[in-house]
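**Q**
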Amino acid sequence: GDSVTQMEGPVTLSEEAFLTINCTYTATGYPSLFWYVQYPGEGLQLLLKATKADDKGSNKGFEATYRKETTSFHLEKGSVQVSDSAVYFCALPTGNQFYFGTGTSLTVIP
Amino acid sequence: GAGVSQSPRYKVAKRGQDVALRCDPISGHVSLFWYQQALGQGPEFLTYFQNEAQLDKSGLPSDRFFAERPEGSVSTLKIQRTQQEDSAVYLCASSVLVGQNTDTQYFGPGTRLTVL
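For the record, the sequence lines run as chains A and B. Just so you know, we're using the working numbering here: the first sequence kicks off at 1 and counts up by one. Just so you know, we're using the working numbering here: the second sequence kicks off at 1001 and counts up by one.
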């Protein structure tokens, strides 16, 4: 069945470091792919999405490219900030629901 | 309101009690979803409404869980005879479109349920 596999955390980085959080998926067809972010005490917020192969989603300095050949949608940011500390979820819509990864907790230290 | 709202934000129940969790979706959104998020895990699908019709309840873990959206707007998730394993954050989400896998789901802040 459809699923997403997300890099295990937690991840701790120094401010201005480069971030990569890996996400791979298994799906029939060519679904859209999403990254959501959950800040402490808050609900999930859409970070970015891509609707077809080779699309690049971007927002707030984060980017992810939908790669059909490797079934991946890795999240990257060139220079993280303390305010990026949160839990990041890769998500795959299918049918009437989203499948979410287990989440990767990111802590950025000054 | 501007976003999805949920109430209460926190709920403590004794085992065996019934609870009701409320979701107010974004006005005009046709689709409404409930998810359960255990500690340290991603959200897991519970049920889906298109307007007032409950089209998918495949994720409800037992017949103690019941959801409704009688007028196609506000939704209530009810859990009867709560058990400790029901302790989780319950998330509500809404989206504009129907059955479109490009459509963003907008999430509320969640209700954290603790069953003692």
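For each residue, glycine too, the CB sits at the ideal point set by N, CA and C.
Residues of the segment 1035-1055 of chain B in Cβ contact with chain A at a cutoff of 7 Å, in chain order, please.
**A** Listed by position, the residues of the segment 1035-1055 of chain B near chain A (Cβ gap below 7 Å) are GLN1041, GLY1042, PRO1043, PHE1045, TYR1048 and LEU1055.
**Q** Step through the CB atoms of chain A and report whether any lies within less than 8 Å of the CB of PRO1061 of chain B.
**A** False, the Cβ-Cβ gap to chain A never drops below 8 Å.
**Q** Label GLN1084 of chain B either buried or exposed according to how many other C-beta atoms from any shown protein chain fall within 10 Å of its C-beta, with 16 as the threshold for buried.
**A** Classification for GLN1084 of chain B: exposed.
**Q** From the DSSP output, in three-state form, read off VAL82 of chain A for me.
**A** Of the three classes helix, strand and coil, the one that applies to VAL82 of chain A here is helix, per DSSP.
**Q** Using a beta-carbon distance below 8 Å, is PRO1109 of chain B in contact with chain A?
**A** Chain A contact via Cβ: present.
**Q** For chain A, is any of its Cβ atoms less than 8 Å away from the one on PHE1033 of chain B?
**A** It does: the Cβ of PHE1033 of chain B has a partner Cβ on chain A nearer than 8 Å.
**Q** Got a sec, what are the start and stop residues for the beta strand (DSSP E) GLY57 of chain A sits in?
**A** Run containing GLY57 of chain A: 56-59, per the beta strand (DSSP E) assignment.
**Q** Taking C-beta pairs closer than 8 Å, name the residues in chain A that THR1104 of chain B reaches, listed in chain order.
**A** Those within 8 Å of THR1104 of chain B in chain A are PHE34, LEU46 and LYS49.
**Q** Which residues mark the beginning and the end of the beta strand (DSSP E) in which GLU1044 of chain B is found?
**A** Element bounds for GLU1044 of chain B: 1044-1050.
**Q** Identify the contact partners of LEU1091 of chain B in chain A, using a Cβ-Cβ distance below 9 Å as the criterion.
**A** Those within 9 Å of LEU1091 of chain B in chain A are GLY43 and LEU44.
**Q** DSSP on GLU63 of chain A, reduced to helix/strand/coil?
**A** Strand at GLU63 of chain A.
**Q** If you measure between the beta carbons of VAL49 of chain A and PHE34 of chain A, is that distance less than 8 Å?
**A** Sequence check: residue 49 of chain A is Lys here, not Val. Against a cut-off of 8 Å, the Cβ pair of PHE34 of chain A and LYS49 of chain A comes out as a contact.
**Q** Counting beta carbon pairs with one atom in the segment 1017-1028 of chain B and one in the segment 1056-1076 of chain B, are three or more of them shorter than 8 Å?
**A** Yes: at least three Cβ pairs fall under 8 Å.
**Q** Is there contact here, the segment 72-92 of chain A with the segment 1-17 of chain A, by at least three beta-carbon pairs under 8 Å?
**A** Output reads yes: the segment 1-17 of chain A touches the segment 72-92 of chain A.
**Q** Between the segment 1004-1011 of chain B and the segment 1046-1054 of chain B, do at least 3 Cβ pairs fall closer than 8 Å?
**A** The answer is no - the segment 1046-1054 of chain B does not touch the segment 1004-1011 of chain B, with fewer than three Cβ pairs under 8 Å.
**Q** In terms of residue numbering, what span does the beta strand (DSSP E) encompassing ILE1026 of chain B cover?
**A** From DSSP, ILE1026 of chain B is part of no beta strand (DSSP E); its letter is neither H nor E.
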